[in-house]
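Notes follow the structure.
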Amino acid sequence: MNTQLPYKWVIQPQPEENKVKQLSSKFNLPEVLIKILLVRGYDTEDKIKRFIFPDLIYLENPFLFPDMVKAVTLVKKHIEEKNKILVWGDRDVDGVTSVCLLLKTLKNFNANVCYYIPQTEGYGLHKNVLEKFKDEIKLVITVDCGITAVDEIRYLKENKIDVVVTDHHEPTLSLIDEIKSLDVPIINPYLPEYSGMRDLAGVGVALKFAIALMLSYDKNYFNKTFIVLDIETTGLSPYADEICEICAIKIKNFVVQEIFHTLVKPKNKIPEEVIKIHGITDELVKDAPNIEEVLPKLLEFIKNDTLVIHNVNFDLSFINYYLKKLSLPQIPISQAIDTLEMAKTYFPLSSHQLSALCNDLFLRTKPTHRAINDALATLELFYYLYFFSNPRLRLFIEDIISFASLGTISDIVPLVEDNRIIVKKGVDNILSSNQPPFKIFLKYFKNEIAKTKLPTETVSWYFIPLLNSAGRMQQVDTAINFLLAETIYDAEKYFSQLLELNKKRKILQNYNLEVFYELVEQQCNLKEDLILLVVAENIEHGVTGIIANNMLKEFNRSVILLILNNDLAIGTARSPKGVNIYNLLKKCENLFEKFGGHQNACGLTIKKENIPLFRNQLKLIQQQLEIEPPTIEVDTELNYEEINFETYKFLSLLEPCGPENPYPVFLIKNLKVVDWKYIGKDNKHTAITFETTSKQKNYVIKTVCWDNPYIVNLIKNFNYFNIVGELELDEQENLRIVLLDLQPVI
-18 MNTQLPYKWV IQPQPEENKV KQLSSKFNLP EVLIKILLVR GYDTEDKIKR FIFPDLIYLE
42 NPFLFPDMVK AVTLVKKHIE EKNKILVWGD RDVDGVTSVC LLLKTLKNFN ANVCYYIPQT
102 EGYGLHKNVL EKFKDEIKLV ITVDCGITAV DEIRYLKENK IDVVVTDHHE PTLSLIDEIK
162 SLDVPIINPY LPEYSGMRDL AGVGVALKFA IALMLSYDKN YFNKTFIVLD IETTGLSPYA
222 DEICEICAIK IKNFVVQEIF HTLVKPKNKI PEEVIKIHGI TDELVKDAPN IEEVLPKLLE
282 FIKNDTLVIH NVNFDLSFIN YYLKKLSLPQ IPISQAIDTL EMAKTYFPLS SHQLSALCND
342 LFLRTKPTHR AINDALATLE LFYYLYFFSN PRLRLFIEDI ISFASLGTIS DIVPLVEDNR
402 IIVKKGVDNI LSSNQPPFKI FLKYFKNEIA KTKLPTETVS WYFIPLLNSA GRMQQVDTAI
462 NFLLAETIYD AEKYFSQLLE LNKKRKILQN YNLEVFYELV EQQCNLKEDL ILLVVAENIE
522 HGVTGIIANN MLKEFNRSVI LLILNNDLAI GTARSPKGVN IYNLLKKCEN LFEKFGGHQN
582 ACGLTIKKEN IPLFRNQLKL IQQQLEIEPP TIEVDTELNY EEINFETYKF LSLLEPCGPE
642 NPYPVFLIKN LKVVDWKYIG KDNKHTAITF ETTSKQKNYV IKTVCWDNPY IVNLIKNFNY
702 FNIVGELELD EQENLRIVLL DLQPVI
């Protein structure tokens, strides 16, 4: 039963050849890799550097979350008072790793902490369970859930139990307002005021909270106000030259609070050679206030707060010279932190100018010799230097980053920016870890790991399903106990239990798969329905999400699977690229008992009596939808001579690969089929040998095609093809192309 439409190839616009050659020479990287990076938007030297060298130091500041200070302050209060804290999570890998990450973090701070993950009750908070805890807990922290639990949060607050919500699911503004009205801090990347990366997994949000909690114990910096200051002048001497621009940025927890910025009108003309440096002309400053007006306001802005300046001696020499002339109190050097001197201490570089440091340290903000840009660059440098000079912070993050990587991989979020750093560093830690759970994983799967040069893929294929099986088989404590095991004996014991649960999960999955595939033909019109709603009765829960993903892949349309027990159906929804299933189901929300999720996946609970209404409403909604053919996005063309081990080796720099950073897909043109054969169990797969049609040199290209009878039909009827596929090593470490699709050349 395959209703798969033919693939549409989408070949990305290709970069200019000169730029490719220039960057290839600059970084000493193959041109094909530079093309891929440029195609994916890494189009400057700094973007390429930060992509190729992801590091924990580039994680976005957790205090960008507007409620973070309130959240960590509340949690610290309960830790100090020895109150019992309940961490409430979800049974999938994102939820399980979020719970583990926070349990480990809170125990590091000697918190009195326990956890709860619903198994039979379904997703989210449940009042009947909270009732059992209400007499012993004083704080609930939600992870990977909570943003829709207004009634349950209200119940907790009525019982004088504090709540912190950490969640990554997209809320409505009304939900945010309702929860905030209950005086509950919300840590969610979809809050309108949040300016950081939105597509974090639940465990990514939990990691941000954990880092903020760690930072909050630094009394020299947490919630302290600093003023980042920069000036522009008409020359180098405070006695002969003047200030023509001032910017002071008030920060707290390295987050901008307020900006004081003004041009200053000098008494003398600005020299032409200076204008060439900063671009500030006499015309630009003609209506600006003079220094006598500006400095009193600057002092009022600064008060007694610590200054942060790049080259304190230069900036304060000018400011203090004019303060003295005006008989105003001067600013002592002891009131300032000099990022220039800090940088000299840590980095033996040829230059410690602000622009050189921003370039060498791959910082995003670039100085322009204008006060506001240079102050912002100094702020970014200050945060970098703080992180770099704090080895305890790095060790703390490294201790929990592996949990964050597992949840991030499992939640299928874009592997860019913070998510890329989390997965890259977390998987590296897993592969070299001395922690018992990861040592046991490496022991059992050493052969699989040895065969691949894609460690993220290994973790995704072998580790994630094992952890998922515990939640799917309603024994989620096994996964928690395994991940938090402190001895090899315990880790091995729980790992063996996970292996058994995974076997049972596969049996359940195969049974439920058959049931749903039979029902989809009975309950849906596969020729016309663009949303497949399938309801099964009285079968076990646990694997519905896997089956929904399988059906999504096969039918290339939105899939909603429900399991009905008595009068209540619980299920899951998945949608293809381009269809926002969350927004689609939001139109039916009045029919649901529970509902939540994001654009590609949702969970829902509905009464039996509402299912016919739901089906009818979907019929109306789908009239506005169209089935788009499945696409293969092609990064670039691969020349025959580029199919070599060096290319393959450098492609590993793209790791970790996943959503928005997939393993590259190449177009190879004008190939002739010279041989093919069926391979594998039941002859489901095909090995095809091509050779090039080039007159200069003949290349033989080996390919493998997994379970695609459509391709076999084509090679039986045509001789010449363009192909698209991925470059990999086979089990004998020979290069081959994994064939995704081909088109006849006629």
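So in this note's numbering, spot 116 of the sequence shown is number 97, and the numbers just go up one at a time. Note that CB positions come from ideal geometry on N, CA and C, so glycine has one too.
In three-state terms, what does DSSP make of residue i?
i      : result
L480   : helix
Q311   : coil
G781   : Nothing about residue 781 can be read from this structure; the chain reaches only from -18 to 727.
R31    : helix
Q724   : strand
T86    : helix
L181   : coil
T238   : It is worth fixing the name first, because residue 238 is Gln in this sequence and not Thr. Three-state DSSP puts Q238 in a strand.
S336   : helix
N546   : strand
K(-11) : strand
E607   : coil
S386   : helix
K658   : strand
M(-18) : Confidence is the limiting factor: at M(-18) the pLDDT is only 43, short of 50, which leaves the residue's position unreliable and the question unanswerable from this model.
Give the C-beta separation of residue i and residue j to the nearest angstrom, bearing in mind that I take them to be a contact with Cβ-Cβ under 8 Å.
i    : j      : result
Y220 : Y302   : 7 Å
V124 : L83    : 6 Å
N715 : K683   : 7 Å
I512 : K568   : Actually they do not touch by this definition, with Cβ atoms about 12 Å apart.
V516 : I592   : 6 Å
P417 : I469   : 5 Å
T389 : A582   : 15 Å between Cβ atoms; not a contact.
D722 : Y(-12) : 5 Å
K662 : Y701   : In fact, because the Cβ distance is near 31 Å, the residues do not count as touching under 8 Å.
L482 : S450   : 4 Å
L87  : I378   : Contact doesn't hold; Cβ gap of about 15 Å is too wide.
H350 : I258   : 5 Å
I212 : D296   : 5 Å
Is it right to say residue i is buried, meaning 16 or more other beta carbons lie within 10 angstroms of its own, or is it exposed?
i    : result
D656 : exposed
K630 : exposed
R555 : buried
C95  : exposed
K13  : According to the sequence shown, residue 13 is Val rather than Lys. Per the 10 Å Cβ criterion, buried.
K0   : exposed
R345 : exposed
V397 : buried
R72  : buried
T262 : exposed
Look at the alpha carbon of residue i and the alpha carbon of residue j, and state the distance between them as a whole number of angstroms.
i      : j    : result
T78    : N546 : 29 Å
V726   : C505 : 38 Å
I735   : L362 : An answer regarding residue 735 cannot be provided, because it is not within the stretch -18 to 727 covered by the chain.
L376   : L695 : 55 Å
L18    : F32  : 9 Å
L45    : F422 : 35 Å
T147   : N597 : 35 Å
N537   : Y621 : 33 Å
V615   : F476 : 39 Å
L309   : L244 : 20 Å
M(-18) : M532 : Its pLDDT being 43, under 50, M(-18) is placed unreliably by the model, and nothing is read from it.
N519   : Q605 : 33 Å
S5     : P640 : 25 Å
A550   : L543 : 6 Å
L632   : G577 : 37 Å
S675   : Q713 : 28 Å
E707   : N354 : 43 Å
Determine whether the beta carbon atoms of residue i and residue j lie at a separation below 8 Å.
i     : j    : result
I142  : K119 : yes
P637  : V394 : no
P(-6) : K16  : no
I283  : A356 : no
V289  : T214 : no
V121  : I160 : no
N816  : V236 : As shown, the chain starts at -18 and ends at 727. That puts residue 816 outside it, with no answer to give.
T667  : C686 : yes
C81   : L465 : yes
D48   : I167 : yes
L188  : A460 : no
V524  : L489 : yes
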